[in-house]
Amino acid sequence: MESTTTDIWARFRGDVLAPGAPGYDAARRVRNARIDRRPTLIARCTDTADVVTALAHARAHRLPVAVRGGGANVAGWGTCDDGVLLDLSPMKRIEVDPQARLAVVEPGATWGELDPATQEFGLAVPGPRNTDVGIAGHTLHGGVGDLSRQYGLTSDNVAFFDLVTAEGKQVRADADENPELFWGLRGGGGNFGVVTRFGFRLHPVSGVVAGPLVHPAENAPAALRTARDWLAGAPDEASLVAIIWTAPPLPFIPEHLHFERCAVLIPTWFGDPDRAAEVLAPLRDGAPKPVSDGISAMSYVAYQRLLPSPPDFAHQHVYNRGELLGELSNTTVDMLIKQWQAAGPNFSVVFGALGGAIRRAPSGPTAFTHRDAQWFVEICAQWYGAADNPAHLAPAVRGWRSLQGLTEGPYVNLLPDPEPEWVRASYGPATYERLARLKQTWDPGNTFRFNANVPPLPPTRD
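Its first residue numbered 1, the sequence shown is counted upward by one per residue in UniProt numbering.
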């Protein structure tokens, strides 16, 4: 712990890394190689007391603070230049109470760690389709997953948050204690403090009937329309993700389509297994018929690992942006497919099903605004080489810009463009103003600003 010999750091249990220290370069990195920032200090926190200590150092030296859980945020908010980085990745404790159907989870855990822990008891909380994603940022910005049509957003399933404020105060936010903060943390991101424990309500999930249906590129338009129409009448126990991409050599992709453009539909059925064949038949047997059908009964953990992270993702440049759409019209489908066909092989589009319980807001109002959206559309550019290669960036920017006027707003978990106008669009005017008032209460100095930032609303003068 060179250069950190103050009394403050004598209480710190984790590692403290300064520039030049072994492990500093690896610790400052996030999952997006486009992000290259150098904190003054990296505090690898092991518990809540370490968080309090690191914040005290930042206050004493008037240093900005960045907070990282899983480090997957596409805008790279899990690090900063010339500040203190609170690295929460060592904080991975998971406690599951199967009788209460409650999991208490620290912010360094990933979904690949949480899902197996809850599945030991046949339970789960709605989470993302990428097991390498951390639980913290995903939850704080709302959180969408395949179970969401049945049980709501990830944030809808939070029972409580334990939080450390900018001043080092430890508080709890739930429906009874600090209820306005509880509202804001369910969608408003890391604007209000450092969450050190999440309490998740769990649901019985014994398995899933799911799998990939692969279509060649020429059938992509018809396949997407079929999937859209199927979902419109499907029960909430059904969900879907669809991808148009240049296919990697995954086991479920036919060999002749490796590195070729194709469409993949991945429907899921969490209901009675005896009904799976009936519910999924329109996608499996209708027109166009897939060239490969990998649907089967599988465990929830196996399903969550169906789409692995790409190899060497630590060196991959990423520009992915999500938009929330009220409908997926034929015109929108055709426009996105045309852009996909014109772009290079590193451009893809992901379509995710919303609706169901998301729209009903099962836990009441939260700071996640756009609940009437029926589809999540992610415009993806992922590449190696030069960080700002316009050949990859430009098609992605054109893609999401073409959705303006159609979208209800961006999805904050996938917002690589941090300009205030896009943060405002993510929440809408009324929710944004309410969050700004809440920010004034809990972080008036905007200590936590390396995020999709909502600056504090200045207090009104009498």
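The beta carbon of each residue, even a glycine, is placed where N, CA and C say it ideally should be.
- Annotated three-state conformation of Val51 is helix, per DSSP.
- Contact between Gly207 and Met298 holds: their C-beta atoms lie close to 7 angstroms from each other, under 8 angstroms.
- Annotation for Phe182: the continuous alpha helix (DSSP H) segment containing it runs Pro179 to Leu185.
- Residue nearest to Leu102 within the set Ala263, Pro254, Val158 and Arg11 is Val158 (criterion: CA-CA distance).
- Runs of the beta strand (DSSP E) lying entirely within the stretch 226-278, each at least 3 residues long, are 238-246 and 261-269 in chain order.
- Cβ-Cβ distances below 8 angstroms link Trp269 to Val208, Val209, Ala210, Glu237, Ala238, Arg275, Ala276, Val279 and Leu280 in the same chain, with the five nearest sequence neighbours on each side left out; the list follows chain order.
- Spanning the alpha carbons of Gly83 and Arg129 requires a straight line of approximately 32 angstroms.
- Look at Thr196 here: in three-state DSSP terms it is strand.
- A Cβ-Cβ distance of about 6 angstroms is found for the pair Gly69 and Gly108, placing them in contact under the 8 angstroms criterion.
- For Thr40, there is no enclosing beta strand (DSSP E), as DSSP marks it with neither H nor E.
- For Gly69, no alpha helix (DSSP H) encloses it, and the DSSP letter there is neither H nor E.
- Secondary structure at Ile379: strand, using DSSP grouped into helix, strand and coil.
- The Cβ neighbour count for Pro248, taken over all protein chains shown within 10 Å, is under 16; the residue is labelled exposed.
- Going by beta carbons, Gly399 and Leu336 fall inside the 9 angstroms limit.
- Going by C-alpha positions, Lys289 is about 55 angstroms away from Trp442.
- Non-local C-beta neighbours of Ala175 in its own chain, meaning closer than 7 angstroms and more than five positions away in sequence, comprise Phe182, ordered along the chain.
- Rounded to the nearest angstrom, the gap between the Cα atoms of Arg197 and Arg93 is 9 angstroms.
- Note on geometry: alpha-carbon atoms of Pro420 and Ser296 lie some 45 angstroms from one another.
- The three-state secondary structure of Ile35, taken from DSSP, is coil.
- Straight-line measurement puts the Cα of Leu325 at about 24 angstroms from the Cα of Arg261.
- Collapsing the DSSP output to three states places Phe313 in a helix.
- In this structure, DSSP gives Tyr319 an extended state, which the three-state scheme calls strand.
- Here Met335 carries a helix assignment [DSSP, helix/strand/coil].
- In this structure, Leu265 and Ala242 form a Cβ contact; the two beta carbons are roughly 5 angstroms apart against a cut-off of 8 angstroms.
- Leaving aside the five residues that flank Gly355 on each side, the residues in its chain whose CB is nearer than 7 angstroms to its CB run, in chain order, Arg149 and Gln374.
- Bounds of the beta strand (DSSP E) holding Val171 are Gln170 to Ala173.
- Counting along the chain, Ile94 sits inside the beta strand (DSSP E) bounded by residues Ile94 to Asp97.
- Around the beta-carbon of Leu250, fewer than 16 other beta-carbon atoms lie within 10 Å, marking it exposed.
- Residue Phe160 holds the alpha-carbon nearest to the alpha-carbon of Val195 among Asn32, Pro19 and Phe160.
- In the structure shown, Arg398 adopts helical secondary structure according to DSSP, grouped into three states.
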